[in-house]
Structures are given as C-alpha cells and as structure tokens.
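Counted the way our numbering counts, the sequence shown spans residues 198 to 855.
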Amino acid sequence: MALAGRAALRWGARLPSPCPAAAPLCRPAWLPAACRRPYSSRGEEKLDMSTYPVESIRNFSIIAHVDHGKSTLADRLLEITGTISKTDRNKQVLDKLQVERERGITVKAQSASLFYNHEGVNYLLNLIDTPGHVDFSYEVSRSLSACQGVILVVDANEGIQAQTVANFYLAFEAQLSIIPVINKIDLKNADPERVEKQIEKLFDIPTDECIRISAKQGTNVEKVLQKVIEKIPPPQCNTADPLKALVFDSTFDHYRGVIANIALFGGEIAKGQKIVSAHTKKRYEVNEVGILTPDEQPTHKLYAGQVGYLIAGMKEVTEAQIGDTLFLYKQPVEPLPGFKSAKPMVFAGMYPIDQTEYNNLKSALERLTLNDSSVTVHRDSSLALGAGWRLGFLGLLHMEVFNQRLEQEYNMSVILTAPTVPYKAVLSSAKLIKEYGKDQITIINPAQFPDKLSVSEYLEPTVLGTIVTPHEYIGKIITLCQDRRAVQKDMLYIDENRVMLKYLFPLNEIVVDFYDALKSLSSGYASFDYEDAGYQSADLIKMDILLNGNPVEELATIIHNDKAYAAGKLLCERLKETIPRQLFEIAIQAAIGKKIIARETLKPYRKNVVAKCYGGDITRRMKLLRRQAEGKRLMRKIGNVEVPRDAFIRVLKRETDK
Numbered sequence: 198m199a200l201a202g203r204a205a206l207r208w209g210a211r212l213p214s215p216c217p218a219a220a221p222l223c224r225p226a227w228l229p230a231a232c233r234r235p236y237s238s239r240g241e242e243k244l245d246m247s248t249y250p251v252e253s254i255r256n257f258s259i260i261a262h263v264d265h266g267k268s269t270l271a272d273r274l275l276e277i278t279g280t281i282s283k284t285d286r287n288k289q290v291l292d293k294l295q296v297e298r299e300r301g302i303t304v305k306a307q308s309a310s311l312f313y314n315h316e317g318v319n320y321l322l323n324l325i326d327t328p329g330h331v332d333f334s335y336e337v338s339r340s341l342s343a344c345q346g347v348i349l350v351v352d353a354n355e356g357i358q359a360q361t362v363a364n365f366y367l368a369f370e371a372q373l374s375i376i377p378v379i380n381k382i383d384l385k386n387a388d389p390e391r392v393e394k395q396i397e398k399l400f401d402i403p404t405d406e407c408i409r410i411s412a413k414q415g416t417n418v419e420k421v422l423q424k425v426i427e428k429i430p431p432p433q434c435n436t437a438d439p440l441k442a443l444v445f446d447s448t449f450d451h452y453r454g455v456i457a458n459i460a461l462f463g464g465e466i467a468k469g470q471k472i473v474s475a476h477t478k479k480r481y482e483v484n485e486v487g488i489l490t491p492d493e494q495p496t497h498k499l500y501a502g503q504v505g506y507l508i509a510g511m512k513e514v515t516e517a518q519i520g521d522t523l524f525l526y527k528q529p530v531e532p533l534p535g536f537k538s539a540k541p542m543v544f545a546g547m548y549p550i551d552q553t554e555y556n557n558l559k560s561a562l563e564r565l566t567l568n569d570s571s572v573t574v575h576r577d578s579s580l581a582l583g584a585g586w587r588l589g590f591l592g593l594l595h596m597e598v599f600n601q602r603l604e605q606e607y608n609m610s611v612i613l614t615a616p617t618v619p620y621k622a623v624l625s626s627a628k629l630i631k632e633y634g635k636d637q638i639t640i641i642n643p644a645q646f647p648d649k650l651s652v653s654e655y656l657e658p659t660v661l662g663t664i665v666t667p668h669e670y671i672g673k674i675i676t677l678c679q680d681r682r683a684v685q686k687d688m689l690y691i692d693e694n695r696v697m698l699k700y701l702f703p704l705n706e707i708v709v710d711f712y713d714a715l716k717s718l719s720s721g722y723a724s725f726d727y728e729d730a731g732y733q734s735a736d737l738i739k740m741d742i743l744l745n746g747n748p749v750e751e752l753a754t755i756i757h758n759d760k761a762y763a764a765g766k767l768l769c770e771r772l773k774e775t776i777p778r779q780l781f782e783i784a785i786q787a788a789i790g791k792k793i794i795a796r797e798t799l800k801p802y803r804k805n806v807v808a809k810c811y812g813g814d815i816t817r818r819m820k821l822l823r824r825q826a827e828g829k830r831l832m833r834k835i836g837n838v839e840v841p842r843d844a845f846i847r848v849l850k851r852e853t854d855k
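Spelled out as structure tokens, the structure:
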C-alpha cells in the first residue's frame, strides 16, 4: 500500500483528500494563519454567489489620512462578520507586503468580501482598504471607481488632516455616499466634539451623522456596518445585461499569471467563458473566478454588482490594463470611462552597485514593475556608474518603498541618484523642432537640456499644496513656503486652533526635504498633501560641475536661477570632502554656461623640498620651491582627475541631512 501510494505520488495521481468533504476550508492546523489558504481547486465546494441579488450588495471603501486607523477598522470589520477568527495577532490583516507591516502604512489597496446578516437579510459587503499617503492617491481614486460609498475615518485626537480633505473631495466628486467615522475615542486626549464641528464646517456633514468608534477596542464598530447597509445604495446594474466588467487593480503570480481585480457592472462571468479586452482586443478563456475573503475563494460565477478576481491566462500585467473593460466574445459593449494613467512626479537614476549584477537587477525590476504598474522605466547609462535605468515615481515615499521592496523581495542593493522632476522646453529652433517632431519636449535628464538660444521658454511642474497646521506655527510655515518660491492661494481657519493653507509650489522645491522641514518646524503636527497643477514658465538653467575645467556629465543639474549659487556652493563643498587629494591642485567649480558661480580648491599632496636646506642663502630655498611649483603646474596640465565611484555615490545620493 505504501509502495502503491508512493508510485501514485511519483506519477502525479491524486490521492483521496485527508480532509472531510464537509469542511469549508482545508487548512493544516500547524500552518500560521497568514500562510493558510483555501485549497481552491482540490475538491472544495465553491461558493454560490447567486444567493446575493444586487439589492443586498454594498461596495464601499475606507479612506483617511495616514495613521488614522483604516487598516485597524478593516481588521475589526473582518472579525465581526466572521471572515477571520478573533485573535490578538490580527493586526493589518489586509497589509500583506513586508514593507507595509514594517512602516505601519498601507501601500497597495486590498479588497475583501464580507458576509453579514442584518435584520434577517444576508448581505454581501465588498470592502476596499486604501492607502492614506499622498503618493498613493492614485490607488484611492482607482478603488473608488468600484464603490458606491465610503467610510471617511478621522482621528479623534488629530482631527482633520490634509489627506482627509483630499480623499473627501475624491469621494465627493465621484458622487459617493459618505459615512463619517471618528476613530480612537479611547485615547486620553481625544476630543470628538471638536472633530465633529470640523467635519460640519469643512464638509457640511451634520454632527449627528458622525459615528464615534474605537477600532482598536471594537467599540461601536457594529454601528458602522449597519450604517453601511442603510446609507450606501446597492450598485445600479442588472444580471440580465451583457457582461461588462471593470479592471480596477491587478497583481502578478509567477505560476498563474495575471490576477485581475474586477467589478461587474452588468451580466455574469464563469469559468470557461471566452472574454475580450476592450483595450487590447485580445481574447482569453476564463480559468478561475472568485472573491477575496481576504484569501482567494473560488466561486462558480460572479454576478452584476459583485467585486472579485479573475484569472484568464494573461501573461503580462500590461494585458490587464487598469481601467479596461472586459466583455463576452461576440457580445461587445460600450467601454466604461476608465482612469487617467498614473503620472510620474519624481525621477531618479537606478544603477547596480556592481555591473555584473545588471541582468539580475533587470529581471528584478521587470518582476516588481508587474506588481506596481505606476512606475515608469527608461534605459539610461552613465560614464561613472555604468548601465542603469531612469525610473519615474509618484512621489518620494513611493520611491523609498520601491527601493525597499527591491532589497527585501529580490535581495538587490542599488545606487539611487538624487530625485529630479520632469521639465519642459518650448523650442524656437526650426532644426530642433524637425529633429524631435514637436515644438515642446519633456526633459527628465539634465544631459538632454537644450541651449537657451534654441528655446523660447522653459516650463517647470507645479503642485497645489494643502497644509493643515495648529495656528501657533503659521509664521514659521509661511516663511518656509516663501523660501520655496510658493505663492499663497488661500487661508482658512477650520476651528479656533487649526488653519488650512493652500499654496502653489514648484514641484522641485518640495520633492526632497520639504515634508521633513515642515514636520520639524511644526513639532510634527502639520500635515501636507498636494495635487498636480500643470506647468508654469520658469527661469531655469543648467548648472555644470567642472573639475580642472573639464565638465562632469553625471553631476549636471537643472535648477532655478535664484537657487543656483547656493546649490552650486553646496555641491562643490560636498565634492571637496569626497574626492581624494592628488599630487596636483584640483579646482572644483560650478558653472552656468561660461560663468563660474562657485569654487572650491582641493590642495595637492606636497613634498617638503626644503628639508635638506639647513641654512645658507634664501635664493637656494626659493629655487627649489619654484621648481616644485613648475612641476605641479605641468602635472596639472597632463593629469586626469579620476573621480572614484564611491565619491559619485556619496554626492549623487539623496542627502537627508541637508
């Protein structure tokens, strides 16, 4: 018997399942909860989703500022509905990435289907937990497209913050039902009355509609579920209509290909059906459909109004285009509006520390960008750092998270250069217009910066920034904003203690250290959010760094004319500290065109040639020193300054302690 069993295993035959057929989930007890997954296609009974008509479906999202308790509230909702068992280890259940757990933030929106009985009726609640940081607002806007309502969470201690305002307006513009929830009422300094007044003043929501909860302790969380059922409308769609499914997210599995998260706006979808993508016009056969609870749970079918996942043999994430519409083969429908594509706000060069690791880093980048489609990748090369890439990110935190995921998930250490922003130039030279085929070009690398003679104007990206701060810090913050060339647009008192400021910022002024400076000025109380505000004309110049008169291409930067001197001086000083001394003098200069704006001199090593003179005529000493000086001058003419690789890394890397 043992031999027969072993032979059966060797030849791939399936042995009878050791689990009773009635068990809903076959999960070995010795596995940790996070690792246990339902054995989907191994004889387990699939869920019948037809028992949930459109009238008993509620699709909603949780939105809030960073660290206001979205993921904790999601954990409690999962526990109350019995989706996960109640244990002390339920912390950030929907945050599956290591970087999310380490930083305590949500980076990628996650969805889960909850089953809840209210007044004798079974409801299907589809919950999407969203990120709170400004860099990931693209994830929030995508998630809202699959919802009919939102839970707006506000911290009872902190009150309304900048991202709370931004997320409220995202939901308001999408015409979603909004349920205000005041969280963390168990804290010693909580002041829910003050927060209710803020919500009423800013968002025009009556105070009696706010629900006071403590997500950590589970206080009043049941009321939130009841309010979701009462206030959020069911989706407006019909199962009898032809299939129309919106792809609002996608991930990549190395064994099963692309897993697309879909929201059905009509019809039904089942395994074996042939579907077509409205974007790529490619045809696929559905291999598996199901819901997320939050693990994948296969179902027989998905029906109109429901949210779930779909596996259809797509090999690349680009095939599951975010915002795409899927429909049945030979039953075309009008595509859904979709989304604006993510627009990179920050660019940085990425190079392997050792060029022998280039191919490994290339495959790691390809796999990671499959799961993070908002990153743009362009090939790049540098004389000092070798072959690499120019990557576009949604913001600075996005860049840091991407770098951390490369290290943790793929064990790749990289050189990440100082972040830059995309500039534009309006060309006036007919020759250049013919070369580029257009009269306006985007510049993401200083090496491509065109000469001023062939350009009518340069444009720089701007953002509309919102700052929410206690009123005692207003003076310092206004000074900081003026130093960053910002223009004040609005100033509003939320209540007697808090002020909301709106400024138009040039993006390159806030991209590196503005957030850190704002937090330190306001003792950590101010919050900041920004949105794209297009381009404006600017006095931009290209600043070159010269070593003994020779330009170093990798150190060239695009900068505003007013800031050139300070930035040039800082870069020269930093180079002086990092370049090793030579036997000849090195002049480190910052130049704009032919004009030198800053200089540092690196003194040479020098032998004491007069040590043998123990007296005698002064002319003997002068002759020896003069001969040494002539030798140094000759050496400087023929000597090349080799900037070591680690010096480039130290200078180019983003300086956090500026």
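For each residue, glycine too, the CB sits at the ideal point set by N, CA and C. Note that the structure is predicted; figures quoted are calculated from it, not measured.
Quiz item: For Lys621, does the three-state DSSP call read helix, strand or coil?
Solution: strand
Quiz prompt | Nearest-angstrom beta carbon gap, Tyr506 and Leu525 [assumed within contact, 8 Å] | solution = Not quite, the Cβ-Cβ distance comes to about 18 Å (not below 8 Å), so this is no contact.
Quiz item: In the structure shown, what three-state DSSP assignment does Lys471 receive?
Solution: strand
Quiz item: If we call anything under 8 Å between Cβ atoms a contact, is Met246 one with Gln470?
Solution: no
Quiz prompt | Same chain, Cβ closer than 8 Å to Val318, five either side skipped, listed in chain order | solution = Ser253
Practice problem: List the residues that DSSP assigns as beta-bridge partners of Thr659. | Solution: Residue pairing for Thr659: DSSP places it in a beta bridge opposite Pro703.
Quiz item: Should Thr754 be labelled buried (16 or more other beta-carbon atoms within 10 Å of its own) or exposed?
Solution: Around the beta-carbon of Thr754, 16 or more other beta-carbon atoms lie within 10 Å, marking it buried.
Practice problem: Following the continuous beta strand (DSSP E) through Leu489, name the residue where it begins and the one where it ends. | Solution: 485-489
Exercise. State the start and end residues of the unbroken beta strand (DSSP E) segment that holds Tyr452.
Key: Where Tyr452 is concerned, there is no enclosing beta strand (DSSP E), given that its DSSP letter is neither H nor E.
Self-check item: Proximity of Lys381 and Ala353 at Cβ, strictly below 8 Å
Solution: yes
Quiz item: CA-CA distance, Gln862 and Ala467?
Solution: In the structure as shown, the chain starts at 198 and stops at 855, and residue 862 therefore has no counterpart that could be examined.
Quiz prompt | Alpha carbon of Lys527 to alpha carbon of Val455, nearest angstrom | solution = 23 Å
Quiz item: In angstroms, rounded to a whole number, what distance separates the CA positions of Thr651 and Asp741?
Solution: Note on identity: in this sequence residue 651 is Ser, with Thr being the wrong assignment. Computed Cα separation, rounded: 19 Å.
Exercise. Starting from the Cα of Leu656, find the closest Cα among Ala584, Lys716, Tyr732 and give me that residue.
Key: Tyr732
Practice problem: Give me whichever residues DSSP pairs with Gln307 in a beta bridge. | Solution: Asp326
Quiz item: Going along the chain, which residues of its own chain have a beta-carbon closer than 7 Å to the beta-carbon of Arg681, five neighbours each way excluded?
Solution: Phe702, Glu706, Ile707, Phe711
Practice problem: Within its chain, find whatever has a CB closer than 6 Å to the CB of Leu698; leave out the 5 residues flanking it on each side and keep chain order. | Solution: Excluding residues within five positions, the ones whose Cβ falls inside 6 Å are Ile664, Met688.
Quiz item: If you run the structure through DSSP and keep just helix, strand and coil, what is Ile382?
Solution: coil
Exercise. Going by DSSP, name the residue or residues bridged to Phe524.
Key: Val473
Quiz item: Among the residues of its own chain, which have a CB less than 6 Å from the CB of Glu554, if the five just before and after it don't count?
Solution: none
Self-check item: CB-CB length for Ile508 against Arg453, believed under 8 Å
Solution: 5 Å
Quiz item: Among the residues of its own chain, which have a CB less than 6 Å from the CB of Gln786, if the five just before and after it don't count?
Solution: Leu743, Ile793, Arg796
Quiz prompt | Extent of the continuous alpha helix (DSSP H) run through Lys862 | solution = Nothing in the structure corresponds to residue 862, since the chain is present only between 198 and 855.
Exercise. Could you work out which residue in Ser571, Tyr722, Gly464, Ser734 is closest to Gln518 when comparing CA atoms only?
Key: Ser571
Quiz item: Which residue comes first and which comes last in the beta strand (DSSP E) that contains Lys792?
Solution: Boundaries of the beta strand (DSSP E) harbouring Lys792: 792-799, taken from the DSSP string.
Quiz item: Is Arg587 closer than 8 Å to His575 when the C-beta atoms are compared?
Solution: Pairing His575 with Arg587 gives a Cβ-Cβ distance under 8 Å.
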